[in-house]
Amino acid sequence: MSQLVLPIVECAGDARSLGNQQGEQLRERIGAFIEQRLTAFGEYSRERGGPSVDQFLEAGARCLRVYEQWDPEGAAENAGIAEAAGVSAEALYGSTNMTDVRDVLLLPPPAADEGCTSLLVPKARSRSGEVLVGQTWDLNPTDLEFVVAVHRRPKNGPETWSVTVAGALSLTGMSALGVAVGTTNIKTRRSRVGVGYLSLLHRAIRAGSAAEAREWVTSAPRAAAHTYWLADSAGATELECDPATVVERRADTQPLARTNHCLADELRAAEGEAPSPSSQKRLSRAQAALASAPQDVASLQELMRDRSDGVDSINRYTEDAQGTTTNACLIAIPATRQLWACRGPADRGEWRELKFES
-16 MSQLVLPIVE CAGDARSLGN QQGEQLRERI GAFIEQRLTA FGEYSRERGG
34 PSVDQFLEAG ARCLRVYEQW DPEGAAENAG IAEAAGVSAE ALYGSTNMTD
84 VRDVLLLPPP AADEGCTSLL VPKARSRSGE VLVGQTWDLN PTDLEFVVAV
134 HRRPKNGPET WSVTVAGALS LTGMSALGVA VGTTNIKTRR SRVGVGYLSL
184 LHRAIRAGSA AEAREWVTSA PRAAAHTYWL ADSAGATELE CDPATVVERR
234 ADTQPLARTN HCLADELRAA EGEAPSPSSQ KRLSRAQAAL ASAPQDVASL
284 QELMRDRSDG VDSINRYTED AQGTTTNACL IAIPATRQLW ACRGPADRGE
334 WRELKFES
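Counting from -16, one number per residue, gives the positions in the sequence shown under this note's numbering.
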């Protein structure tokens, strides 16, 4: 089987121009991505007697209005993407932040959106003596064909690399300042109209440090529940968040792993559902592996390839028929500004080093 290739998108300039260049290069993919996301939402919601696609788009538009006030520069980039791709900024924002916008309207069942495993390794547990971070990003199998790496060289702010989907703002990646970011999905019953998770990550990756990125995430009018990991050469932090609550953990001396269920009592009380077997098994597997020995890039890649728990493994395949697949993997060393990523599962994608120019 040939390995999946990670497409590269290059862009430079001010925020609107950055967006225009992405929209021009990805025009067909963006249109197809929005169509499949809206179709999937419509089918899902109709089966449950839920809101219409028009109601979803209206909720997305309301979230976009909040985002435009919170981060005008990021919103201008979103508008530039939409403009060049020939789609509405509202449809693009709602579709790329689908899990958050949907949760505002209709909390999904426990099996939905299962995936994502994040790995934070402190200096003391890294073979290089430097902070080491990474994650698998798992979501809809139909998203796999839209995964891209975006290399931004903005007129103002740091150069960034992120792995995301066509038309979306930053998802998981790192800046030339060595600020690395990522996320896993969790669910609580406190979603509201607010800033979507990709928007938070897009602002965090432009921060001057992980500490500044933390301030952006914790002070934001967040729409829904997620965990966010933020790292630089000094250390790595995980924020377990929903719109009402933030619980912080630091990987100062011991590694941290995270999957897709709440750990903090404050959020578990609002979770409203038991953790899935997949999320529990992946967390247990990742914690044991990180605790077993000092880690490096090769060992994290090996962990991301793990299939020991079958369909509940860290490495997710489309043919598992679990409603999710590993869409991408990423590993970063902030101190040396080294970044590697692949499209698809860790054993099926071609790993590429994403290099900075500045």
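The beta-carbon is built from N, C-alpha and C at its ideal position, and this holds for glycine as well. All values derive from a computational prediction rather than experimental measurement.
Pick out whichever of Ser(-15), Gln(-14), Arg(-1), Gln4 has its Cα sitting closest to the Cα of Glu(-7). Gln4
Throw me the rounded Cβ distance for the Asn310 and Tyr180 pair, which I believe falls under 8 Å. Actually they do not touch by this definition, with Cβ atoms about 15 Å apart.
Do Ala214 and Ala193 have their C-beta atoms closer together than 8 Å? yes
Chain-order list of residues whose beta-carbon lies under 6 Å from that of Val229 (same chain, five-residue window excluded): Thr201, Leu222
Count the C-beta pairs between the stretch 18 to 38 and the stretch 65 to 72 that are closer than 8 Å, then say yes if the count reaches three, no if not. no
Alpha carbon to alpha carbon, what distance is there between Leu283 and Gln270? 12 Å
Quickly, what does DSSP pair Asp121 with across the bridge? List them, please. Thr309
Could you tell me if Ala276 is buried or exposed, where buried requires 16 or more neighbouring beta carbons within 10 angstroms of its beta carbon? exposed
Do the stretch 140 to 158 and the stretch 32 to 52 meet, that is, are 3 or more Cβ pairs less than 8 Å apart? no
Coarse secondary structure for Thr82, derived from DSSP in three states: helix
With distances taken from CA atoms, which of Glu56, Ala252, Arg20, Pro55 is nearest Phe39? Arg20
Spell out whether any CB of chain C is found under 8 Å from the CB atom of Gly57. Absent from the structure is chain C; it holds one protein chain and no more.
Out of Leu183, Gln118, Arg12, point me to the one whose CA is closest to Ala206's CA. Leu183
Just to confirm the assignment: which complete beta strand (DSSP E) runs, minimum length 3, are found wholly within the stretch 219 to 279? 229 to 233, 239 to 241
Any heavy atom of the ligand NAD closer than 7 Å to the beta-carbon of Gly191? This structure lacks the ligand NAD; in fact it carries no ligand of any kind.
Look up Gly165 in the DSSP assignment and give the residues it is bridged to. Trp212
Indicate whether the contact test is met: 3 or more Cβ pairs, each with one atom in the stretch 307 to 325 and one in the stretch 125 to 133, closer than 8 Å. yes
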